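In what follows, a single structure is set out as C-alpha coordinates and then discussed.
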Amino acid sequence: MTSKSIEITNPSVEIINKSQEIANIQKGSLVIELFLRPGRGFISNESNKKFIQNDSLFASKIESNIKKGLFIAVDSNFSPVEKCSYTVRELNTSSNKIEEELLFTIKTDGTIDAKSAINQACKILVAHFMAVGDVDSMKLDVFEEEKVKNDEPIENDVDINQLGLSVRSLNALKRIGKTKASEVAAMTWEELEQTKNLGRKSLDEIQECLKVNGFTLNKGDE
(Lines of atoms letter the chains of each structure in order from A; the text may use other names.)
(Lines give C-alpha, C1' and ligand atoms only; values in the text may rest on other atoms or scores of the structure.)
Protein backbone atom coordinates (compact mmCIF):
# COMPACT_ATOMS: atom_id res chain seq x y z
CA MET A 204 0.00 0.00 0.00
CA THR A 205 1.38 3.41 -0.98
CA SER A 206 0.46 6.99 -0.17
CA LYS A 207 -1.52 7.10 -3.42
CA SER A 208 -4.28 5.20 -1.58
CA ILE A 209 -4.77 8.00 0.98
CA GLU A 210 -8.08 9.84 0.75
CA ILE A 211 -7.56 13.57 1.38
CA THR A 212 -10.30 15.31 3.41
CA ASN A 213 -8.49 18.63 3.87
CA PRO A 214 -8.22 20.65 0.62
CA SER A 215 -5.10 22.43 1.89
CA VAL A 216 -3.17 19.13 2.10
CA GLU A 217 -1.39 17.63 -0.90
CA ILE A 218 0.58 14.39 -1.17
CA ILE A 219 3.87 15.05 -2.93
CA ASN A 220 5.35 11.55 -3.00
CA LYS A 221 2.50 9.29 -4.10
CA SER A 222 4.81 6.25 -4.31
CA GLN A 223 5.75 6.34 -0.61
CA GLU A 224 5.22 2.86 0.83
CA ILE A 225 2.96 2.78 3.91
CA ALA A 226 2.32 -0.89 4.64
CA ASN A 227 2.43 -4.41 3.24
CA ILE A 228 -0.89 -6.28 3.46
CA GLN A 229 -2.14 -9.66 2.30
CA LYS A 230 -5.80 -10.65 2.62
CA GLY A 231 -8.19 -8.38 4.46
CA SER A 232 -8.24 -4.62 4.78
CA LEU A 233 -6.37 -1.90 6.62
CA VAL A 234 -7.98 1.33 7.83
CA ILE A 235 -5.69 4.15 8.97
CA GLU A 236 -6.45 7.78 9.81
CA LEU A 237 -3.56 10.21 9.57
CA PHE A 238 -3.43 13.36 11.70
CA LEU A 239 -0.86 15.99 10.72
CA ARG A 240 0.49 19.14 12.35
CA PRO A 241 2.86 21.82 11.03
CA GLY A 242 6.46 22.04 12.17
CA ARG A 243 10.06 22.62 11.19
CA GLY A 244 13.10 20.37 10.96
CA PHE A 245 12.93 16.90 12.51
CA ILE A 246 10.73 15.80 15.43
CA SER A 247 11.20 12.34 16.96
CA ASN A 248 8.36 9.93 17.64
CA GLU A 249 9.00 10.38 21.39
CA SER A 250 8.25 14.11 21.14
CA ASN A 251 5.16 13.43 19.03
CA LYS A 252 4.05 10.84 21.59
CA LYS A 253 4.14 13.47 24.34
CA PHE A 254 2.14 15.80 22.09
CA ILE A 255 -0.50 13.10 21.58
CA GLN A 256 -0.73 12.44 25.32
CA ASN A 257 -1.40 16.12 26.05
CA ASP A 258 -5.20 16.34 26.13
CA SER A 259 -5.28 20.13 25.80
CA LEU A 260 -3.16 20.04 22.62
CA PHE A 261 -4.32 16.92 20.82
CA ALA A 262 -6.70 14.29 22.16
CA SER A 263 -9.53 16.65 23.10
CA LYS A 264 -9.45 18.30 19.66
CA ILE A 265 -9.42 15.16 17.50
CA GLU A 266 -12.50 13.33 16.22
CA SER A 267 -11.76 9.88 14.84
CA ASN A 268 -14.08 7.63 12.84
CA ILE A 269 -12.22 4.56 14.06
CA LYS A 270 -13.72 3.05 17.19
CA LYS A 271 -11.32 1.67 19.81
CA GLY A 272 -8.39 2.76 17.68
CA LEU A 273 -4.88 3.49 18.94
CA PHE A 274 -2.72 6.52 18.17
CA ILE A 275 0.76 5.65 16.91
CA ALA A 276 3.34 8.44 16.99
CA VAL A 277 5.97 8.44 14.23
CA ASP A 278 8.98 10.58 13.38
CA SER A 279 8.25 13.84 11.55
CA ASN A 280 10.60 15.24 8.92
CA PHE A 281 9.36 18.69 7.91
CA SER A 282 12.45 19.67 5.92
CA PRO A 283 11.83 19.93 2.15
CA VAL A 284 15.59 19.63 1.55
CA GLU A 285 16.59 16.06 0.75
CA LYS A 286 20.27 16.68 0.06
CA CYS A 287 22.62 19.63 0.48
CA SER A 288 26.35 20.04 -0.06
CA TYR A 289 28.75 22.89 -0.72
CA THR A 290 32.20 23.51 -2.14
CA VAL A 291 34.55 26.48 -1.87
CA ARG A 292 37.09 27.28 -4.57
CA GLU A 293 39.50 30.13 -5.08
CA LEU A 294 38.90 32.35 -8.10
CA ASN A 295 41.70 33.34 -10.43
CA THR A 296 41.25 37.09 -10.73
CA SER A 297 43.51 40.07 -11.25
CA SER A 298 42.58 41.43 -7.83
CA ASN A 299 45.23 41.59 -5.12
CA LYS A 300 42.72 40.18 -2.67
CA ILE A 301 41.95 36.48 -2.46
CA GLU A 302 38.46 35.88 -3.84
CA GLU A 303 36.55 32.66 -3.33
CA GLU A 304 33.36 31.17 -4.73
CA LEU A 305 30.84 29.31 -2.59
CA LEU A 306 28.80 26.76 -4.54
CA PHE A 307 25.74 25.04 -3.04
CA THR A 308 24.17 21.88 -4.42
CA ILE A 309 20.61 21.53 -3.12
CA LYS A 310 17.99 18.88 -3.87
CA THR A 311 14.42 19.36 -2.57
CA ASP A 312 11.28 17.23 -2.50
CA GLY A 313 9.51 19.58 -4.93
CA THR A 314 7.46 21.50 -2.37
CA ILE A 315 9.97 24.35 -2.58
CA ASP A 316 12.66 25.25 -5.10
CA ALA A 317 16.35 25.31 -4.17
CA LYS A 318 16.60 29.12 -4.44
CA SER A 319 13.75 29.65 -1.98
CA ALA A 320 15.27 27.07 0.39
CA ILE A 321 18.64 28.83 0.56
CA ASN A 322 16.87 32.19 0.89
CA GLN A 323 14.87 31.00 3.93
CA ALA A 324 17.95 29.37 5.46
CA CYS A 325 19.89 32.65 5.19
CA LYS A 326 17.06 34.56 6.88
CA ILE A 327 17.00 32.07 9.76
CA LEU A 328 20.79 32.28 10.13
CA VAL A 329 20.72 36.09 10.18
CA ALA A 330 17.94 36.02 12.79
CA HIS A 331 20.09 33.81 15.03
CA PHE A 332 23.06 36.18 14.69
CA MET A 333 20.81 39.14 15.51
CA ALA A 334 19.59 37.41 18.67
CA VAL A 335 23.17 36.77 19.78
CA GLY A 336 24.19 40.35 19.00
CA ASP A 337 21.36 41.81 21.09
CA VAL A 338 22.39 39.99 24.28
CA ASP A 339 23.35 42.41 27.06
CA SER A 340 26.80 42.11 28.57
CA MET A 341 26.85 39.93 31.65
CA LYS A 342 28.35 41.56 34.71
CA LEU A 343 30.19 39.42 37.23
CA ASP A 344 30.89 40.66 40.73
CA VAL A 345 34.35 39.33 41.60
CA PHE A 346 33.60 39.98 45.26
CA GLU A 347 30.37 37.96 45.24
CA GLU A 348 30.32 35.46 48.06
CA GLU A 349 30.68 31.87 46.97
CA LYS A 350 27.56 29.80 47.52
CA VAL A 351 28.34 26.74 49.58
CA LYS A 352 26.66 23.61 48.29
CA ASN A 353 25.02 21.57 51.00
CA ASP A 354 25.84 17.92 50.40
CA GLU A 355 24.40 16.72 53.69
CA PRO A 356 21.92 13.87 53.28
CA ILE A 357 18.25 14.81 53.50
CA GLU A 358 16.47 13.45 56.55
CA ASN A 359 13.89 10.72 55.85
CA ASP A 360 15.04 10.40 52.23
CA VAL A 361 13.70 7.35 50.40
CA ASP A 362 15.30 5.10 47.80
CA ILE A 363 13.27 5.21 44.58
CA ASN A 364 12.98 1.41 44.71
CA GLN A 365 10.76 1.90 47.77
CA LEU A 366 8.39 4.43 46.18
CA GLY A 367 6.13 1.78 44.68
CA LEU A 368 6.74 2.90 41.11
CA SER A 369 6.10 0.78 38.03
CA VAL A 370 9.08 -0.86 36.34
CA ARG A 371 8.83 1.56 33.39
CA SER A 372 8.97 4.67 35.58
CA LEU A 373 11.67 3.20 37.82
CA ASN A 374 13.97 2.32 34.91
CA ALA A 375 13.46 5.73 33.28
CA LEU A 376 14.54 7.52 36.47
CA LYS A 377 17.55 5.25 36.94
CA ARG A 378 18.70 5.98 33.39
CA ILE A 379 19.05 9.67 34.28
CA GLY A 380 20.93 8.87 37.50
CA LYS A 381 18.12 9.39 40.02
CA THR A 382 18.32 7.00 42.99
CA LYS A 383 16.66 8.98 45.81
CA ALA A 384 13.20 10.50 46.19
CA SER A 385 14.76 13.88 47.02
CA GLU A 386 16.65 13.84 43.70
CA VAL A 387 13.43 13.23 41.79
CA ALA A 388 11.57 15.86 43.83
CA ALA A 389 14.26 18.41 42.91
CA MET A 390 13.13 18.11 39.28
CA THR A 391 10.34 20.19 37.78
CA TRP A 392 7.37 18.75 35.89
CA GLU A 393 8.85 20.13 32.66
CA GLU A 394 12.16 18.35 33.31
CA LEU A 395 10.37 15.07 33.94
CA GLU A 396 8.43 15.50 30.68
CA GLN A 397 11.74 15.58 28.80
CA THR A 398 12.80 12.24 30.31
CA LYS A 399 12.76 9.41 27.80
CA ASN A 400 10.00 6.77 28.20
CA LEU A 401 7.99 8.85 30.67
CA GLY A 402 4.47 9.51 29.43
CA ARG A 403 1.64 11.38 31.14
CA LYS A 404 0.53 8.35 33.17
CA SER A 405 4.09 7.77 34.40
CA LEU A 406 4.43 11.44 35.37
CA ASP A 407 1.18 11.33 37.36
CA GLU A 408 2.34 8.11 39.01
CA ILE A 409 5.69 9.62 40.05
CA GLN A 410 4.04 12.74 41.43
CA GLU A 411 1.54 10.69 43.45
CA CYS A 412 4.21 8.32 44.85
CA LEU A 413 6.35 11.29 45.89
CA LYS A 414 3.36 12.87 47.62
CA VAL A 415 2.60 9.67 49.54
CA ASN A 416 6.19 9.64 50.82
CA GLY A 417 6.19 13.31 51.84
CA PHE A 418 7.86 14.83 48.77
CA THR A 419 6.62 17.28 46.13
CA LEU A 420 8.03 18.18 42.74
CA ASN A 421 10.02 21.38 42.35
CA LYS A 422 7.68 24.11 41.07
CA GLY A 423 10.55 26.02 39.44
CA ASP A 424 10.45 29.79 39.02
CA GLU A 425 6.88 30.92 39.56
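Position 203 (the sequence shown) corresponds to 406 in our numbering; numbering is contiguous.
Beta carbons are placed, not taken as given, at the ideal position from N, Cα and C, and that holds for glycine.
Just so it is clear, the structure is predicted and the values come from calculations on it, not from any experiment.
What do you reckon, are the CB atoms on E224 and T212 nearer than 8 Å? no
So which of L305, H331, K422 and V370 has the shortest CA-CA distance to R392? What sits at residue 392 in the sequence shown is Trp, not Arg. Among L305, H331, K422 and V370, the Cα nearest to that of W392 is on K422.
Measure the C-alpha to C-alpha separation of A388 and Q397 and round it to an integer number of angstroms. 15 Å
Whether D360 touches K383 by CB criterion (8 Å): yes
Between N295, D312, L401 and E411, which has its C-alpha nearest S250's C-alpha? L401
Find the nearest neighbour of Q256 within the set L237, A226 and F274, judged by alpha-carbon distance. F274
May I ask you to report which of helix, strand or coil DSSP gives S288? strand
Could you give the distance in angstroms between the alpha-carbon of G417 and the alpha-carbon of R403? 21 Å
Segment limits, alpha helix (DSSP H) that includes K422: The continuous stretches of alpha helix (DSSP H) do not include K422, and DSSP gives it neither H nor E.
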